[in-house]
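Undergrad:
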Amino acid sequence: MAASDNSRERERSLEMTESTGNGPPLVETGGLTKRYGRITAVEDLDLTVRRGEVYGFLGPNGAGKTTTLRMLLGLIRPTSGTATVLGERPGSEAGLSRVGSLVESPAFYPYLSGRDNLAVMGRYSGAPASRIEEVLGQVELSGRAKDKFKKYSLGMKQRLGVAAALLKDPELLILDEPTNGLDPKGMADMRTLIRELGRGERTVLLSSHMLGEVEQICNRVGVIQHGKLLREGTVEELRGGEGLVIRAEPLDEAVGVLGALPSVEEVRVEGETLRLAVDPERAAEINQKLVSNGVRVSELRSSGQSLEEVFLELTGESADEESRQPAAKGGE
Amino acid sequence: MVASFSAEVLKLRKRPATWVLGLIFAMVVILFGYLFTYLFTVNAPEENAPPPEIVEGFRQYLLPEGFVVNALINFASFGSALTLILGALAMGSEYGWETFKVVLTQRPGRLGFFLGKLLAIGGLLLVLTVAILGVGALASYAIAGLEQASVEWPSFADLVRGIGAGWLILVTFTALGIFLSTLLRSTALAIGLGLVYLLVLENLFLGLATQNETVQAISETLPVKNTLDLAESFGAVPQGFAAPGEAVEPTQAVLVLGAYAAVFVLLSVLLFKRRDLA
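Chains as they are written, first to last, in our numbering: chain A, 1 to 332; chain W, 1001 to 1278.
1) Indicate whether at least one CB of chain A lies closer than 8 Å to the CB of Lys-1011 (chain W).
2) If we cut at 8 Å on Cβ distances, does Glu-1106 (chain W) have a partner in chain A?
3) At the level of alpha carbons, what is the spacing between Val-1002 (chain W) and Gly-1057 (chain W)?
4) Which term fits Asn-1074 (chain W), buried or exposed, when burial requires 16 or more other beta carbons within 10 angstroms of its beta carbon?
5) So, helix, strand or coil for Glu-299 (chain A), using DSSP?
6) Helix, strand or coil: which one does DSSP assign to Gly-21 (chain A)?
7) With H, G and I counted as helix, E and B as strand and the rest as coil, what does DSSP make of Asp-147 (chain A)?
8) Rounded to whole angstroms, what is the Cα-Cα separation between Gly-30 (chain A) and Asn-219 (chain A)?
9) Under 8 Å Cβ to Cβ from Leu-1012 (chain W), same chain only, skipping five residues before and after it: list those, please.
10) Looking only at its own chain, which residues have a Cβ that is under 7 Å from the Cβ of Thr-17 (chain A), when we skip the five neighbours before and after it?
11) Could you name the residues of the segment 121 to 141 of chain A whose beta carbon sits closer than 9 Å to any beta carbon of chain W, in the order they occur along the chain?
12) If you pair each beta-carbon of the segment 1225 to 1235 of chain W with each one of the segment 1250 to 1261 of chain W, do three or more pairs fall below 8 Å?
13) Counting beta carbon pairs with one atom in the segment 1123 to 1137 of chain W and one in the segment 1156 to 1169 of chain W, are three or more of them shorter than 8 Å?
14) Could you tell me whether any non-hydrogen atom of the ligand MN is closer than 7 Å to the CB of Arg-199 (chain A)?
15) May I have the straight-line CA-CA distance separating Gly-21 (chain A) from Leu-197 (chain A), to the nearest angstrom?
16) Going along chain A in order, which residues have a C-beta closer than 7 Å to the C-beta of Ala-1278 (chain W)?
17) Looking at the structure shown, is Leu-173 (chain A) part of a helix, part of a strand, or coil, going by DSSP?
18) With H, G and I counted as helix, E and B as strand and the rest as coil, what does DSSP make of Gln-1287 (chain W)?
19) List, in order along the chain, the chain A residues whose C-beta lies closer than 8 Å to that of Gly-1022 (chain W)?
20) Using a C-beta cutoff of 8 Å, does Thr-1099 (chain W) count as contacting chain A?
21) In this structure, does DSSP put Gly-59 (chain A) in helix, strand or coil?
22) Enumerated in chain order, which unbroken segments of the alpha helix (DSSP H) with a length of 4 residues or greater are wholly contained in the segment 1034 to 1065 of chain W?
23) Apply the 10 Å Cβ neighbour rule to Phe-1040 (chain W) and answer buried if 16 or more other Cβ atoms are within range, or exposed otherwise.
24) Taking 6 Å as the limit between beta carbons, can you name the residues of its chain near Ile-1178 (chain W), skipping five residues before and five after?
25) With H, G and I counted as helix, E and B as strand and the rest as coil, what does DSSP make of Leu-1206 (chain W)?
26) Ordered along the chain, which non-local residues of its own chain (more than five positions away) have a Cβ less than 7 Å from that of Glu-1249 (chain W)?
27) Ser-263 (chain A) to Glu-270 (chain A), Cα distance in whole Å?
28) Taking the C-alpha atoms as reference points, what is the distance between Leu-258 (chain A) and Gly-59 (chain A)?
29) Closest Cβ-Cβ distance between Leu-45 (chain A) and chain W: below 8 Å?
30) By the DSSP assignment, the beta strand (DSSP E) with Gly-367 (chain A) in it spans what residues?
31) If contacts are defined as beta-carbon pairs under 8 Å, then Ala-41 (chain A) and Gly-227 (chain A) qualify, I think. What distance do you get, rounded to the angstrom?
32) From the beta carbon of Asp-116 (chain A), is the nearest beta carbon of chain W less than 8 Å away?
33) My assumption, with CB atoms under 8 Å, is that Arg-239 (chain A) sits in contact with Glu-299 (chain A). Please give the rounded CB distance.
34) Taking Cβ positions only, does Gly-1087 (chain W) come closer than 8 Å to chain A?
35) Looking at Glu-1232 (chain W) and Ala-1247 (chain W), is the spacing between their C-beta atoms short of 8 Å?
36) By the DSSP assignment, the alpha helix (DSSP H) with Arg-35 (chain A) in it spans what residues?
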């Protein structure tokens, strides 16, 4: 999917988030803390996930993402603090019946086929048997459903994990590093799948250490490091105010032309560049105006930082090679 | 709990290990309970044969009238170890495969999950008890044919009591396997330590019980002695097959085994409910 499609998709989802964001949050934590002896895995975490959004939980390896998600699912008890998932206590039957999850690597019974594994999970969750074929189709595993789980490739195992998470047709989908260990094709397929799943009413809480992935898929992002939430906001908010940076000659003339445009709210001169408060989508139109007025434009770019720059600024350390990789490849 | 029971039944039914353990149990009963015992005692060549009164004891033990006690002795010697493995696999594998994180986020609470699992395993053990007693009955019928002896089956009441006793024996050692694997959150270590306890420590206490009163007193509180004595209450057991020393009362044996099973299950539930699944 092209980058512009991604941003359009995100905007559409954002509009939906805003329209549904008035209701109570689907996931809310207050001062959530988990300590193992002297080690603090998660510290004083306040997290809010709203209905209908795809929320990215971003942080380097070992930041406390999985511990947090396990607490939200009732697998780990917090040392202190509160958490509600769909208005219920984490791990309660009422809450879990509306939550689907894939935590870290997919885990199933190796001696059972993909279909039988889903049948077992369906019996535990009470999902109707008819859902099994539906979700197998959704993750494109119908053709291999008879094969034993132990014979699956990692990508297929991961897809079966998503299928199990979807069995209950959940309101909230919690996915922990769903693209971990997948090859580039597998990653791309998984991201497309997650985007499809996040359409409509369903809320997705996705953890990842991959910046490109979060940027492509998520509406809102929470950045976590050393167990603490450093920042929470929409991808756009995190990347800073929207606008354009222009390098043009002669500068005075450019300021004059731009100042006369009604779409430009503010023009600021910063050294040899101009910083414009304007919708970045108008870049082509602005360029044309400048050029037709005899101004030579040598650079024109969006003024927001990339999520990677924001992330590095927030965490104050260089992202490891693994987390850079997808950004460098441009994701899909 | 019902959901968890139904899921567990599917898992146990489709798991090859369940069938392998069941088949081994059946083969062991046929080979050691009947074939070898028959070949080396009743059917032994005259120069190697034990004294006639001992041979007669073995004959009773191998014929249909003794099939319940014969089977139950095998429950004590082989069934205990095999079901310890079964219990450890049923619980420990879930730790090994990390399936708890998927299963417990489906819906059932931990207690519901655990009770459903116990119920399914309890059901499986009942099927296993009946099946093994059936195998024993068939083997004893074959021996009666070979010996051209009249076929006299134990009374129906004895058979029902035998099924109950056999089930209790298997439940106790399965519960030990479940407890060890829950405590250690592993299969291999639980099976290893469980078998060392069962085959070394328990036998040490059994062997030394006649030498020392304190050891005997301790031995009478341990599962294996109570299991053997419970089996012995169903008929005469040839020398060397029963536990040495005075046998404990069957009622006491049932209570001791029941208490062990209950404590193992209770401790497992507590551990499983309280611990994080990280």
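Every residue gets a Cβ at the ideal spot worked out from N, C-alpha and C, and that includes glycine.
TA: Taking the structure as given:
1) Position 11 of the second sequence, counted from the start, is the residue given in the question as residue 1011 (chain W). Residue contact with chain A for Lys-1011 (chain W): present (Cβ-Cβ distance below 8 Å to some residue of chain A).
2) Within the second sequence, numbered from 1, the residue matching residue 1106 (chain W) stands at position 106. A small fix is needed here, since residue 1106 (chain W) is Gln in this sequence, not Glu. By this cut-off, Gln-1106 (chain W) is an interface position.
3) The residue labelled residue 1002 (chain W) in the question sits at position 2 within the second sequence. The residue labelled residue 1057 (chain W) in the question sits at position 57 within the second sequence. One alpha carbon belongs to Val-1002 (chain W), the other to Gly-1057 (chain W), and they sit about 47 Å apart.
4) Taking the first residue of the second sequence as position 1, residue 1074 (chain W) is located at position 74. Asn-1074 (chain W) comes out buried.
5) The residue labelled residue 299 (chain A) in the question sits at position 299 within the first sequence. Note: Glu-299 (chain A) maps to strand in three-state DSSP.
6) For the purposes of this step, residue 21 (chain A) is taken as residue 21 along the first sequence, with counting starting at 1. Note on Gly-21 (chain A): pLDDT 49, under 50, position unreliable in the model; no value is reported.
7) Here residue 147 (chain A) is taken as the residue at index 147 of the first sequence, counted from 1. In this structure, Asp-147 (chain A) counts as coil in the three-state DSSP scheme.
8) Position 30 of the first sequence holds residue 30 (chain A). Position 219 of the first sequence holds residue 219 (chain A). Separation of Gly-30 (chain A) and Asn-219 (chain A) (C-alpha to C-alpha, rounded to the nearest whole angstrom) is 22 Å.
9) Taking the second sequence and counting its residues from 1, the one referred to as residue 1012 (chain W) is at position 12. The residues are Thr-1018, Ala-1090, Ala-1120, Ile-1121 and Leu-1124.
10) In the first sequence, residue 17 (chain A) corresponds to position 17, counting from 1. Confidence at Thr-17 (chain A) is low in this model, with a pLDDT of 44, below 50, so the placement of that residue should be treated as unreliable; the coordinate-derived value is given next. Same-chain partners within the cutoff: Arg-50, Gly-52, Glu-53 and Asn-219.
11) For chain W, the residues of the segment 121 to 141 of chain A that bring a beta carbon within less than 9 Å of one of its beta carbons are Met-121, Gly-122, Arg-123, Tyr-124, Ser-125, Gly-126 and Ala-127, in chain order.
12) In this structure the segment 1225 to 1235 of chain W lies against the segment 1250 to 1261 of chain W, because at least three pairs of beta carbons, one per stretch, are closer than 8 Å.
13) They touch, by the three-pair rule.
14) Absence of the ligand MN from the depicted structure is noted, as is the absence of any ligand whatsoever, leaving it without description.
15) For the purposes of this step, residue 21 (chain A) is identified with residue 21 of the first sequence, where counting begins at 1. For the purposes of this step, residue 197 (chain A) is identified with residue 197 of the first sequence, where counting begins at 1. Its pLDDT being 49, under 50, Gly-21 (chain A) is placed unreliably in this model, and the value from its coordinates should be taken loosely. Going by the C-alpha atoms only, they are around 19 Å apart.
16) Taking the second sequence and counting its residues from 1, the one referred to as residue 1278 (chain W) is at position 278. Neighbours of Ala-1278 (chain W) on chain A, chain order: Arg-70 and Ile-76.
17) Mapped onto the first sequence, residue 173 (chain A) falls at position 173. Three-state DSSP puts Leu-173 (chain A) in a strand.
18) Since the displayed chain W opens at 1001 and closes at 1278, residue 1287 (chain W) lies outside it and no answer follows.
19) Stepping through the second sequence from its first residue, residue 1022 (chain W) is reached at position 22. Per Cβ cutoff of 8 Å: no residues; Gly-1022 (chain W) is ~15 Å from chain A at best.
20) Here residue 1099 (chain W) corresponds to residue number 99 of the second sequence, with the count starting at 1. Closer than 8 Å to some Cβ of chain A, the Cβ of Thr-1099 (chain W) qualifies, so yes.
21) Locating residue 59 (chain A) in the first sequence gives position 59, counting from the first residue. Judged by DSSP in its simplified three-state form, Gly-59 (chain A) adopts coil rather than helix or strand.
22) DSSP runs (the alpha helix (DSSP H)) wholly in the segment 1034 to 1065 of chain W: 1052 to 1062.
23) For the purposes of this step, residue 1040 (chain W) is identified with residue 40 of the second sequence, where counting begins at 1. So Phe-1040 (chain W) ends up on the exposed side.
24) Working through the second sequence from its first residue, we reach residue 1178 (chain W) at position 178. Residues Gly-1087, Met-1091 and Ser-1268 of the same chain have their beta carbon placed closer than 6 Å to that of Ile-1178 (chain W), with the five preceding and five following residues left out of the count.
25) Mapped onto the second sequence, residue 1206 (chain W) falls at position 206. Three-state DSSP puts Leu-1206 (chain W) in a helix.
26) By one-based count along the second sequence, residue 1249 (chain W) stands at place 249. There are no such residues.
27) Your numbering for residue 263 (chain A) matches position 263 in the first sequence. Your numbering for residue 270 (chain A) matches position 270 in the first sequence. Near 20 Å, if we compare the C-alpha coordinates of Glu-270 (chain A) and Ser-263 (chain A).
28) As a position in the first sequence, residue 258 (chain A) is number 258, starting the count at 1. As a position in the first sequence, residue 59 (chain A) is number 59, starting the count at 1. Distance between Leu-258 (chain A) and Gly-59 (chain A), taken at the CA atoms: about 40 Å.
29) If you number the first sequence from 1, residue 45 (chain A) lands on position 45. For Leu-45 (chain A), not one C-beta of chain W is nearer than 8 Å to its own C-beta.
30) No answer is possible for residue 367 (chain A): the residues shown for chain A start at 1 and end at 332.
31) Here residue 41 (chain A) is taken as the residue at index 41 of the first sequence, counted from 1. Here residue 227 (chain A) is taken as the residue at index 227 of the first sequence, counted from 1. Going by Cβ atoms, the distance from Ala-41 (chain A) to Gly-227 (chain A) rounds to 5 Å, so yes, they are a contact pair.
32) Stepping through the first sequence from its first residue, residue 116 (chain A) is reached at position 116. Yes - at least one Cβ of chain W is within 8 Å of the one on Asp-116 (chain A).
33) Mapped onto the first sequence, residue 239 (chain A) falls at position 239. Mapped onto the first sequence, residue 299 (chain A) falls at position 299. With 8 Å as the limit, Arg-239 (chain A) and Glu-299 (chain A) do not qualify as a contact, their Cβ atoms being about 19 Å apart.
34) Numbered from its first residue, the second sequence carries residue 1087 (chain W) at position 87. Gly-1087 (chain W) does not count as touching chain A.
35) Position 247 of the second sequence, counted from the start, is the residue given in the question as residue 1247 (chain W). Position 232 of the second sequence, counted from the start, is the residue given in the question as residue 1232 (chain W). Taking 8 Å as the cut-off, the beta carbon of Ala-1247 (chain W) is found closer than this to the beta carbon of Glu-1232 (chain W).
36) By 1-based counting over the first sequence, the position of residue 35 (chain A) is 35. No alpha helix (DSSP H) holds Arg-35 (chain A); the beta strand (DSSP E) holding it covers 27 to 36.
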